[in-house]
Structure formats: structure tokens, C-alpha cells
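Chemist: Residue numbers (our numbering), protein chains in the order written: chain A, 1 to 226; chain B, 227 to 452. From the three backbone atoms N, C-alpha and C, an ideal C-beta is built for every residue, glycine too. These numbers were taken from a predicted model, which means no experiment stands behind them.
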DNA sequence: CATCTGCAAACTGTCAACAGTCTGAAGTCA
DNA sequence: TGACTTCAGACTGTTGACAGTTTGCAGATG
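1) Quick check on this structure: which residue in A:154, A:169 and A:149 has the alpha carbon closest to the alpha carbon of residue 101 (chain A)?
2) What's the C-alpha gap between residue 214 (chain B) and residue 292 (chain B)?
3) Taking the alpha carbon of residue 194 (chain A) as the reference point, which residue from A:68, A:56, A:64 and A:109 has its own alpha carbon closest?
4) Mind checking residue 310 (chain B): buried by the 16 CB within 10 Å criterion, or exposed?
5) What residue does the beta strand (DSSP E) around residue 70 (chain A) start on, and which one ends it?
6) Quick check on residue 161 (chain A) - is its C-beta less than 8 Å from some C-beta in chain B?
7) Can you give me the C-alpha to C-alpha distance between residue 279 (chain B) and residue 154 (chain A), rounded to a whole angstrom?
8) Kindly say whether residue 153 (chain A), judged by its beta-carbon, lies nearer than 8 Å to any beta-carbon of chain B.
9) Return the Cβ separation of residue 151 (chain A) and residue 313 (chain B) in integer angstroms, given the expectation that the two are a contact with Cβ distance under 8 Å.
10) Tell me the residue span of the alpha helix (DSSP H) that contains residue 326 (chain B).
11) What first and last residue would you give for the alpha helix (DSSP H) that runs through residue 438 (chain B)?
12) Contact criterion: CB-CB distance below 8 Å. Does residue 320 (chain B) meet it with respect to chain A?
13) So the candidates are B:290, B:261 and B:368; which of them puts its Cα closest to the Cα of residue 337 (chain B)?
14) If I'm right that residue 348 (chain B) touches residue 405 (chain B) with Cβ under 8 Å, what's the distance once you round it to whole angstroms?
15) My assumption, with CB atoms under 8 Å, is that residue 176 (chain A) sits in contact with residue 80 (chain A). Please give the rounded CB distance.
16) Going along chain A in order, which residues have a C-beta closer than 7 Å to the C-beta of residue 198 (chain B)?
17) Does residue 30 (chain A) have its Cβ less than 8 Å from a Cβ in chain B?
18) Can you name the residues that DSSP bridges to residue 303 (chain B)?
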């Protein structure tokens, strides 16, 4: 929650990073909803910093596409339409297939151990797990793939759509109560493909995994359009 | 060159956007070299604005990975290693193949006309063209693909690596004097594949086009490593 | 001559204040 | 009653100033 200590004395990290961290947390947990208005003075007062660092954090989030800044109107949490669902999915498939291909030949024992830890947690919690926790495990699994891919720019793109993917996964879990049972086997198969060391198999498995998730999600017309 | 007029009176675009535009131009044309230090007061004096907008522009460039900001040390133009060449290429292939696939079924007559205008310019200037102008035409061609793809997030990723691609293209052109002759036929074929309306053919043509450019570039060990 | 210490200049991180712009509501008129 | 105008409030874009940190050089010391 507080990576810097208690915010006394000289901060080890810049205040802008602190604000950014708080806002990322609020976006991922749903405290901030799409369409919400982010007023600089309000945030500054809330976090006990001046408007400068707040502006910097907002700029970074805009570059990632998580918020939109309109001139003289302020920052708004991006509203996700059905077109956005498609954009995020297609972009994710494009980059994650590449990440998997690279990870297949770069996996270390430590990465595999992390896979297995997450899979174990998925297996154990099957049947009785909250949607939010399932999302956390799911994303953690894919984080490991990007880490193993050892590709800075790829990781940056993933970071920029990660919280939006989180939002979609959460929506899916809430609407498809079978989520605790499908998570484990799907990721287990993905793990095996990655560990096989065969880049093409890893690509294919990732494509299958993601298209499955997308078809489930696109069935419900919950996300508003344009 | 100056999208706002002459910078008098109220700017139609924000000053931060103006600074960003100037810096992008300087990065793409090589006025700013990798490793160069960007001092805020100096830039502010140079562009006749205060440090605020300069900081905002630097923040955006950092989010795109074009510069690195080190605490209390300032901003430095990213140094591109051979690993970076590979990263940029693999990421570009991943997203541009998707862009081409989408563009194939979304091309309008206006897009095709733009393709043909650029191709005409490539053909006419064959034999006597400066490396810099060849790069400009090349990038313009691919800009149209991303525009036709109608995918905001894809366009954003492209924007984030565009000036780095520009740098690589320029390096290639300087070292391979045959660049005026290969540009036209390669892009002509790409145009035909896109206009065929066949997504798979567009994908394949794009992959071929990019891998050709990469193999040429990776032959020279000019970019420093680590 | 080499190494260490101390200082000064420059720069970054942060803050408070000013001016211009947009929004929404109160007030006016047909 | 309904639509248009006006105005006050709030917020953003921008600026200039202050404090802390880093760097590089000059001088002292072995």
C-alpha cells in the first residue's frame, strides 16, 4: 500500500510516482469507474501534494490510454465501448502471441516455479473464490509470460492495457459463474505449451486461450457502445 | 512545419503539444542524437515557453520510451542497442501485421489514392533522392496503413516506436546506397496485397516486407550493444 | 604527483499564484 | 411557460520562484 514508508522526510521515490501508484490502484480495483472526472485540485488535496505531481501522473496515464484529457475540461477515466473491447483483445493477442513465442525459449526454472505456484492457487481455490481474486491470479500468470519474454517494449504495451483487461476479466467473471472451474485447466495447458520449448506451439496455445476468453466476453452486450 | 500559425496570440493547441511536436521532429531528423541531454531550462528558453509545458512533453516522450528520465539528472535520448533494434522490429511486425489485416477490409478510395500518391513520389525520385526524404515517404506509406486499420490503440503503439523506426531506416539508407531502387517495388507489392481485400495475403505481404528490411539492417553492426 | 575534501554552479522536483476557458444556473424577455 | 442571455464559480494551462540534489572543479593534503 505504501512503498515509501509513511511519507515523512525526503521521499525515496518522486511524488509523481506516488500519485501514479495510487491512481493505478484505484483504477484496477474499480474505485474509479469509467467516465469519472479526475479534478486536479481535489486529488492534490486528497493526497497532500500540489497540482504539479498530480498533473504528471495524469499525463502518464493518458499516454497509456487509461484516461482522456480534454483541453480545459480535465481528465476522465476512459469509457470502454464494445469497440474498445475488440481493440484491446486484438492488440493483446498480437503482442501476447509474440511474448509467448519468446518466453518458450527463455523460460527459467524460476519462471516455471511461479507458473506452478499460481496454478496451485487456482486449483485450490476452485469452487470458492471471489471474482476479484480470480482476476488477480489470471493477470499474475500472464505477467510471468511477459517477464520471461524479456522484451521491454512489449512489457510496456502490456502494462498500458493491463488494467483494461482486468476490467474485462472482472466483468466476465461476474457474468459467467463458471469462472473458477475454467481458469485452472486453461492455464495448465498454456503452461505445458510454454514449457515444451516449442515457440510455435506456445503461439498457438496462447491464441487459442485468448480467443476463448474473447468469445465468452463478446457474447454479453454489457459494455455500452459509442 | 508549424501547425499553429506563428505562435502569436492564444495558441489553438496547448504549448505542451507544441513542444512535443518540435521534439518529435528533432528526434526523427537526427538533430537530437542518442545519449544527448535535454535540459529543461535550455529547452524552455529556446522555445520561449516556461518549464511546465517542457516537462509535460518530456513525460510523454518517456512514456513512449524515446527518452529516459533519471531522478535529479534530467532527460536523455534513449541509446539504441542492437537489442533495441530487435525489440522494435519484432514489436513492429506484431502490430503491423494486424494493422494490415484490418486495413485490407477497410480501405477506402481515399486511402488507395494516398498510397498511389506516395508510390508515384517514390517512383519519380528513384535514383536521385536524399536518404531523409526516402525515410519520410516510407513512413508516410505505413502511416496510411495504420490510419486505414481504424484501431486507436494500435496507432498509439505505432506512434511510440515511429521515430525509432525512422532512425533505423535512416541508418539503413545511409549504409545501403541502393535504397532508392528497392523502395518503390516493395511498397508497390504491399499496396497490391492490401487492395486485394484478402486479410491473409495482406498479413503475409507485410511480414515479408518487414523481415526483408530487418535482415538488411541487422547485417551492419553499427548500433552499439548494451 | 595522486588523492581527498569542500564548494559553487546548474539543474530537477515541488509549490503557490495568475489568467483564460468552460459549465451550469439564475435571471430576463417574448 | 419556454428559450435565450448573462454571470458566477470552478477548473485547467501556464508561469515564476524556492529548496534539495547532483556534478565537476579548485584547492588542500598525504
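Modeler: By the coordinates alone:
1) Numbered from 1 along the first chain, position 101 holds the residue referred to as residue 101 (chain A). The shortest C-alpha separation from residue 101 (chain A) is found at A:149.
2) For residue 214 (chain B) there is no data in the structure shown, the boundaries of chain B being 227 and 452.
3) To locate residue 194 (chain A), count along the first chain from 1; it is residue 194. Comparing Cα-Cα distances from residue 194 (chain A) to each of A:68, A:56, A:64 and A:109, the minimum goes to A:109.
4) The sequence position of residue 310 (chain B) within the second chain is 84, counting from 1. By the 10 Å Cβ count, residue 310 (chain B) comes out buried.
5) On the first chain, residue 70 (chain A) is found 70 positions in, with the first residue counted as 1. Unbroken beta strand (DSSP E) run through residue 70 (chain A): 67 to 70.
6) Counted from its first residue, the first chain places residue 161 (chain A) at position 161. Yes, its Cβ sits closer than 8 Å to a Cβ of chain B.
7) Looking up residue 279 (chain B) in the second chain gives position 53. Looking up residue 154 (chain A) in the first chain gives position 154. About 28 Å.
8) Position 153 of the first chain, counted from the start, is the residue given in the question as residue 153 (chain A). Yes, contact with chain B.
9) Position 151 of the first chain, counted from the start, is the residue given in the question as residue 151 (chain A). Position 87 of the second chain, counted from the start, is the residue given in the question as residue 313 (chain B). Contact flag correct, Cβ pair sits at about 6 Å.
10) Translated into positions along the second chain, residue 326 (chain B) becomes position 100. Residue 326 (chain B) -> alpha helix (DSSP H) spans 308 to 330.
11) Reading the second chain from its first residue, position 212 is the one you call residue 438 (chain B). It spans 425 to 445 - the alpha helix (DSSP H) in which residue 438 (chain B) sits, taken as one unbroken run.
12) Here residue 320 (chain B) refers to the residue found at position 94 of the second chain. Yes, its Cβ sits closer than 8 Å to a Cβ of chain A.
13) In the second chain, the residue the question calls residue 337 (chain B) occupies position 111. Of the candidates B:290, B:261 and B:368, the one whose C-alpha sits nearest the C-alpha of residue 337 (chain B) is B:368.
14) For the purposes of this step, residue 348 (chain B) is taken as the residue at position 122 of the second chain. For the purposes of this step, residue 405 (chain B) is taken as the residue at position 179 of the second chain. 11 Å between Cβ atoms; not a contact.
15) Position 176 of the first chain holds residue 176 (chain A). Position 80 of the first chain holds residue 80 (chain A). No, residue 176 (chain A) and residue 80 (chain A) are not in contact; Cβ-Cβ is about 18 Å, not under 8 Å.
16) Nothing about residue 198 (chain B) can be read from this structure; chain B reaches only from 227 to 452.
17) Position 30 of the first chain holds residue 30 (chain A). Interface flag for residue 30 (chain A) against chain B is unset, since no Cβ pair is found closer than 8 Å.
18) By 1-based counting over the second chain, the position of residue 303 (chain B) is 77. Beta-bridge pairing links residue 303 (chain B) to B:293.
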